[in-house]
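Residue numbers (the numbering used here): 11 to 371. Heads up: the structure comes next, in structure tokens.
Okay, here's the thing in structure tokens:
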């Protein structure tokens, strides 16, 4: 019952301080993510994008099958190739009896002649042609069901579509500002604990028939709920605006819960084990490292990546960044495991400290 009363007090506090809380935990991160995502968009443009490659296709068969191959290369892969007989880099030569060989399942020798020296563009075309015929062969294994789709199925998907997605600048900064939100929460949570101690509120609380460890558990749960409420709202707003977090909602809730649990454990550990002065210094150092070196405002450079490993918020950033790119729990399972183990260690250390503490409040 006491836990429910504390939760009720939490939401009453949120209601009474709605404008300040909304501005700090939602409005500020949202505005910063949109601002930085737009002005620094150029930094996230793909450096490996290339112009379509001019090619020439010599069709010595002039059959339906050869026409289907030409149509696939030119139309289904128009972002990669276009026809230019006069100034081509590659010449794809379709042999005579191409369709007959396909129907009889005989080997086919399709030549790709390199006309200009442009790196390994011939290998790209070769891979596409190989994938096309591999899918064509697999389609013919079930001809009755798939014959209508043999020449329209884009086999290039096996090479390109399954790769991990590239983050846009808006997605990157939406996640960075989520980490910033949790950073503010951690700082406020530690400060609130110190204020509670200095004002003697703990003395009055412990005069009631409630154990110190029980109150610690209540404080921990309230902290997790408090952080989770704002994290979920922040995610839903970004999702509604089509900025970021378009992944599976259940998975997003799970990793958000893990992140909030971890941050709450770090907060109560610092507040319990360190004095107000030392704890404030530790929080300031974490904030400086995370803001300046941690990729909140600018992507992490390789030269500074070793420093950011010492910040606990780096795990939170890594969790959301990896999940955003891969959209699977498997891709972040190790990070989740590390965060849960660290959370357990920090909470147990704080629990033991409170249970056997000789400190008077």
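The C-beta atom is built at its ideal place from N, Cα and C for all residues, glycine as well. These figures come from a predicted structure and were not determined experimentally.
Check, Outcome
"Look at the alpha carbon of residue 292 and the alpha carbon of residue 335, and state the distance between them as a whole number of angstroms.", "31 Å"
"Could you pull out every residue in the same chain whose Cβ sits closer than 6 Å to the Cβ of residue 106, ignoring the five residues on either side in sequence?", "70 and 71"
"Leaving out the 5 sequence neighbours to the left and right, which residues in its chain are closer than 8 Å to residue 230 when beta-carbon positions are compared?", "274, 275, 278 and 357"
"In three-state terms, what does DSSP make of residue 101?", "strand"
"How big is the Cα-Cα spacing for residue 248 and residue 267?", "18 Å"
"What is the DSSP secondary structure of residue 366, counted as helix, strand or coil?", "coil"
"Any chance the region 36-52 sits against the region 243-259, with 3 or more Cβ pairs inside 8 Å?", "yes"
"Between residue 64 and the rest of its own chain, which residues show a CB-CB distance below 7 Å, the 5 nearest in sequence each way excluded?", "92, 94, 97, 98 and 99"
"Give the C-beta separation of residue 138 and residue 121 to the nearest angstrom, bearing in mind that I take them to be a contact with Cβ-Cβ under 8 Å.", "With a Cβ gap of about 15 Å, residue 138 and residue 121 do not count as contacting."
"Who pairs with residue 121 in a beta bridge, going by DSSP?", "103"
"What number of angstroms, rounded off, separates the C-alpha of residue 337 from the C-alpha of residue 183?", "17 Å"
"If you reduce the DSSP assignment to three classes, tell me which class residue 284 lands in.", "coil"
"Once DSSP output is grouped into helix, strand and coil, what is the label at residue 312?", "Confidence at residue 312 is low in this model, with a pLDDT of 49, below 50, so its placement is unreliable and the value that follows should be read with caution. Three-state DSSP puts residue 312 in coil, outside helix and strand."
"Among residues of its own chain, excluding the 5 on either side of residue 125, which ones have a beta-carbon nearer than 8 Å to its beta-carbon?", "66, 98, 99, 100 and 101"
"Suppose you measure from the CA of residue 348 to the CA of residue 272; what does that come to, to the nearest Å?", "10 Å"
"Mind checking residue 355: buried by the 16 CB within 10 Å criterion, or exposed?", "exposed"
"Relative to the C-alpha of residue 36, which candidate in 185, 286, 223 and 222 has its C-alpha closest?", "185"
"Keeping to the same chain, check which residues put their C-beta closer than 6 Å to that of residue 222; ignore five residues upstream and five downstream.", "364"
"Taking the C-alpha atoms as reference points, what is the distance between residue 352 and residue 30?", "32 Å"
"Mapping DSSP to helix, strand and coil, what is residue 255?", "coil"
"Where does the unbroken alpha helix (DSSP H) through residue 110 begin, and where does it stop?", "108-113"
"How close, in whole Å, do the beta carbons of residue 282 and residue 360 come, if the pair is a contact with beta carbons under 8 Å?", "5 Å"
"Hey, could you find the ends of the beta strand (DSSP E) residue 229 is sitting in?", "Not the beta strand (DSSP E): residue 229 falls in the alpha helix (DSSP H), residues 222-250."
"Residues in its own chain within less than 8 Å of residue 40 by CB, not counting five upstream and five downstream?", "187, 244, 247 and 248"
"Could you tell me how far apart the beta carbons of residue 195 and residue 306 are, in whole angstroms, since I believe they sit closer than 8 Å?", "The Cβ separation is near 14 Å, so there is no contact."
"Quick check on residue 185: does DSSP put it in helix, strand or coil?", "helix"
"DSSP three-state label for residue 387, please.", "Shown here, the chain extends from 11 to 371; a query on residue 387 therefore has no answer."
"Look up residue 92 in the DSSP assignment and give the residues it is bridged to.", "64"
"Please identify the residue among 328, 119, 140 and 234 whose C-alpha is closest to the C-alpha of residue 82.", "140"
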